[in-house]
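One structure below.
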Amino acid sequence: MQKQILSGNEAVARGAWEAGVRVAAAYPGTPSTEILENLGALAASPPAALSEGDNLYATWANNEAIATEIAFGAAVGGSRSLTAMKHVGMNVAADPIFSGAYAGINAGMVIISCDDPGCYSSQNEQDNRLYAAHAKLIMLEPSDSQECLDFVKAAFELSEQFDLPVLLRMTTRVCHSKSVVTLGERKARAVKTYNGDWTKYVVLPVNARRRHIIVEENLAKLREASYSSTLNRAENNPDTKIGVITSGMSYQHAKEAFGDTVSYLKLGITYPICTKLIADFSEKFEEIYVVEEGEPYILPSVQLSATVPVVINEPFIQGELDAERIRAAFGVAIVESGVRKAEITTSAPGRPPVLCAGCPHRGFFYALSNRNGKYVGVGDIGCYTLGVNAPFNGMDICICMGSGFSIPIGLSKALEAQGDTRKVFGMLGDSTFFHSGFNSLVDAVHQKANVCLVVLDNSITAMTGHQENSGTEKNLMGYEVPKVSIEQMILSTGLPKERLLIVNPIDQKQMGAAIDTAISNESGVTVIITKYPCALLKDVIKARGTTHCEVDPEKCVGCKSCMKVACPSLAFDASKKKAYVADTANCTGCGLCAQMCKVGAIKEVK
Amino acid sequence: MAKTTNLLFTGVGGQGTILTTKLLSNALVDAGYDVKMSEIHGMAQRGGTVNTQLKYGDKVYAPNIGEGEADYVIAFEKAEALRALPYLKDGGVVLTDEREIYSMPVLLGQAEYPHGWLKETEYNVKVIPAYEIAEKLGSARDSNIVMLGAVSKLLGIAVTLPPKFNAKAFDAGREAV
Chain A
2 MQKQILSGNE AVARGAWEAG VRVAAAYPGT PSTEILENLG ALAASPPAAL
52 SEGDNLYATW ANNEAIATEI AFGAAVGGSR SLTAMKHVGM NVAADPIFSG
102 AYAGINAGMV IISCDDPGCY SSQNEQDNRL YAAHAKLIML EPSDSQECLD
152 FVKAAFELSE QFDLPVLLRM TTRVCHSKSV VTLGERKARA VKTYNGDWTK
202 YVVLPVNARR RHIIVEENLA KLREASYSST LNRAENNPDT KIGVITSGMS
252 YQHAKEAFGD TVSYLKLGIT YPICTKLIAD FSEKFEEIYV VEEGEPYILP
302 SVQLSATVPV VINEPFIQGE LDAERIRAAF GVAIVESGVR KAEITTSAPG
352 RPPVLCAGCP HRGFFYALSN RNGKYVGVGD IGCYTLGVNA PFNGMDICIC
402 MGSGFSIPIG LSKALEAQGD TRKVFGMLGD STFFHSGFNS LVDAVHQKAN
452 VCLVVLDNSI TAMTGHQENS GTEKNLMGYE VPKVSIEQMI LSTGLPKERL
502 LIVNPIDQKQ MGAAIDTAIS NESGVTVIIT KYPCALLKDV IKARGTTHCE
552 VDPEKCVGCK SCMKVACPSL AFDASKKKAY VADTANCTGC GLCAQMCKVG
602 AIKEVK
Chain B
185 MAKTTNLLFT GVGGQGTILT TKLLSNALVD AGYDVKMSEI HGMAQRGGTV
235 NTQLKYGDKV YAPNIGEGEA DYVIAFEKAE ALRALPYLKD GGVVLTDERE
285 IYSMPVLLGQ AEYPHGWLKE TEYNVKVIPA YEIAEKLGSA RDSNIVMLGA
335 VSKLLGIAVT LPPKFNAKAF DAGREAV
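First to last, the protein sequences are chains A and B. Under this note's numbering, the first residue of the first sequence carries the number 2, and numbering increases by one thereafter. Under this note's numbering, the first residue of the second sequence carries the number 185, and numbering increases by one thereafter.
Structure, rendered in structure tokens:
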């Protein structure tokens, strides 16, 4: 069999492919995005010829709830299905997940949650293992790429066997680490017949009460079956007095920290947890350690069922776990000799992420920041969240998807109540608009909120690495699809035409005028759409060729006006007192800096 | 305790740090090692720091490298080499491109770029002009392939470069260390 080095996300996609998944849907979100990207690639060009009647449909959905509902519909209809999301996406999808578990499935359904301990690219560190018990989902936790592939296959089997969706819970380190994987073949599966059993799939109270009982019975059966499941694994090392109980990536960190000096019970099925397994394992040792990244989730089960003392450590709730933290928590000496922290005296300057050279959002945030004192900014989740940074300081608040258009409704009321006349500006991108921003906009219009809502339309879901959305002409599999018009959606709310301003954000005259109009409108909603594509889009890069800006040193007077737009391609030579384009490869020649220059020193060149 | 060789790659978003680590990972798998690589990139596409970590040996457990655990720090930018030094093991080797890329706080005049740190350090630092070499060979974008050549020489690992990459840049990297 073929060996490859794959990331956890690539391996999950491959495993689902091999398991005969037919429908996959997701909304992009780091660290989960590559799962659907890979399934899209497998759907577009299968690695082997498909059997007759076999197929895979992979699609982006506008949000995680919709993706889950698409997958649920497919599973109930009889096709194996999958959805994948970042941890906070599961909050959005919680409604269909909770009730879908009561209804049960028909063909297997796998829900993948990619958590982000350490907040590498997230707004919180929520531990979605806690969702499993709450939502009544079977939960599996892989610890490397081979397990990602194997566990997703097992997840489909368990889902069908116990008539429940399975939560495959991953973390950033599992998703984005690569390790060696042995590939298998796709096993085509016939679609299961759809039976339309409304007593199961319509969650009327009468059905839900009955289904709840069945769900609990099924979970109890799995708890029993888990005792002999190969997804759980005991590693008994000779002459060890300590037993470590762990799961997922925490297992790898524990192995790194303790090596063969302890024995391990590695749980693959972490909901329901088989207490008998823990009791049997624990009795061989003097003490039990529980090593788990995030909330103390396994610990209570171990405390209830272990037959020997359980050592309680300070839980690893904040930040990512590593071997060193485990060693420190359990008082283990550093295993390798000669390891020490390098002593450094000089420090490196910070390198925070910034809006790219040529980013259209820069034009908007620059224009907005020029109206200091006249606005309060509310942001959303996307590249434009970076507008919070100096020198723009473009927002005070940003918490979750879609809230950029709804927080302003409440905030404007509160500001009005204290005589604060600043206009509240909400801002979000095209993808976020489709995700949930439109719902908020409908409310704002309906409630006649005194706000300005800005759709920063760069024609792509940019932050997660350029995924298609309902506003693009192609879908995940590369097929042409109808492009949904944001403009028409907005006007469909009944917003007067003159209250919708569509501008080029790089053009500061247009952009500034639109913001001024919004500020001067004394009541009701003003909507601005900034239309300008992401500078990193392949087509945009191709069309640009070598176009970039240059500063004429003869003309430059060193006033630094151009530096105010904070473009990463533009630098200032302090000794010569001249601005210059330091990175001509990435400068797009958008010309925003040139508009700042009072002496006409900046010109576009090819 | 399984003995592994640990590498930390660091650079600035867009420099090809992740791609270089992937190419080296593939070579190590072909050479029969157990290999794990972590590529946590967060918001790196927007010009932030990119770190990738690569471990290989008979058996690798955790895919990430803690402070003081890297046998090699491979930096595509000079200040990033400095930032990654806490990861270096006692006696470890730093390989860095001498290129300087100024971050936004430096561009805005809020922070100073540490131009001279290489001269002050007692660490085993190898500096190569990877960006310059690549530029002379026709494409500055291939500086990561120059770095890959240099790393393969340091590690004594044969890398079969896929045809779409610049073999001259790779060879130049091997000669540079």
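Quick reminder that beta carbons are idealized off the backbone N, C-alpha and C, glycines included. None of the values given here were measured: they were computed from a predicted structure.
- Taken in chain order, the whole beta strand (DSSP E) runs of length 3 or more contained in the segment 544-593 of chain A are 549-552, 571-574 and 579-582.
- Contact check for D218/B and K243/B: beta-carbon distance about 5 Å, within the 8 Å limit, so the pair qualifies.
- Under the 8 Å criterion on CB atoms, Y121/A is classed as interfacial with respect to chain B.
- For D444/A against S407/A, the beta-carbon gap comes to about 6 Å, under 8 Å, which counts as contact.
- T262/A: not part of any beta strand (DSSP E); DSSP gives it neither H nor E.
- One Cα belongs to R267/B, the other to Q319/A, and the distance between them is close to 23 Å.
- In the three-state scheme derived from DSSP, where H, G and I count as helix and E and B as strand, A353/B is classed as helix.
- Selection A368/A, L492/A, P554/A and E11/A evaluated against K604/A yields P554/A as nearest (Cα-Cα).
- Here the C-alpha atom of I71/A lies approximately 24 Å from the C-alpha atom of S404/A.
- If you check the CB distance, P97/A and T69/A come in under 8 Å.
- For the segment 253-276 of chain A, the set of residues with a beta-carbon nearer than 8 Å to any beta-carbon of chain B comprises Q253, H254, K256, E257, G260 and D261, in chain order.
- Look at M402/A here: in three-state DSSP terms it is coil, with no helix or strand label.
- In the structure shown, the three-state DSSP call for E223/B is strand.
- Any Cβ of chain B closer than 8 Å to the Cβ of T173/A would place that residue at the interface, and such an atom is present.
- Between I270/A and V303/A, the CB-CB gap reaches or exceeds 8 Å.
- DSSP places I246/A inside the beta strand (DSSP E), whose first and last residues are I243 to S248.
- Straight-line spacing of the CA atoms in P32/A and H254/A works out to 20 Å.
- The contact set of T347/A on chain B, defined by CB atoms closer than 7 Å, consists of L266, P298, W301 and E304 in chain order.
- What E223/B touches in chain A, judged by beta-carbon distance under 9 Å, is S8, H177, S178 and K179, going in chain order.
- When the Cα atoms are used, E11/A and I542/A turn out to be separated by approximately 27 Å.
- Between A515/A and C550/A, the gap from beta carbon to beta carbon reaches 8 Å or more.
- By the 16-neighbour rule on beta-carbons within 10 angstroms, K220/B is buried.
- CA-CA distance, I491/A to I530/A, rounds to 10 Å.
- The C-beta of K543/A comes no closer than 8 Å to any C-beta of chain B.
- Within the model, the alpha-carbon separation for E304/B versus G249/A is close to 43 Å.
- Distance check between E417/A and each of V377/A, Q147/A and G30/A places V377/A closest, using alpha-carbon atoms only.
- A residue is called buried once 16 or more other Cβ atoms fall within 10 Å of its Cβ, and N56/A, having fewer, is exposed.
- The Cβ-Cβ distance between S180/A and Q147/A falls below 8 Å.
- For I487/A, the closest of G472/A, A156/A, K498/A and N587/A by C-alpha to C-alpha distance is G472/A.
- The beta carbon of V485/A sits closer than 7 Å to those of S471 and G472, all from its chain and outside the five residues before and after it, given in chain order.
- Taking C-beta atoms under 8 Å as the contact rule, A358/A and N587/A qualify, at a distance of about 5 Å.
- In the structure shown, T183/A falls within a strand segment according to DSSP collapsed to helix, strand and coil.
- Residues S570, L571 and A572 of the same chain have their beta carbon placed closer than 8 Å to that of A583/A, with the five preceding and five following residues left out of the count.
- The DSSP assignment places complete alpha helix (DSSP H) segments of no fewer than 4 residues inside the segment 227-307 of chain B at 262-268, 288-291 and 301-304, in order along the chain.
- Contact annotation for V290/B against chain A: P350 [CB-CB distance below 8 Å, chain order].
- With the rule of 3 Cβ pairs closer than 8 Å, the segment 281-300 of chain A does not count as touching the segment 350-365 of chain A.
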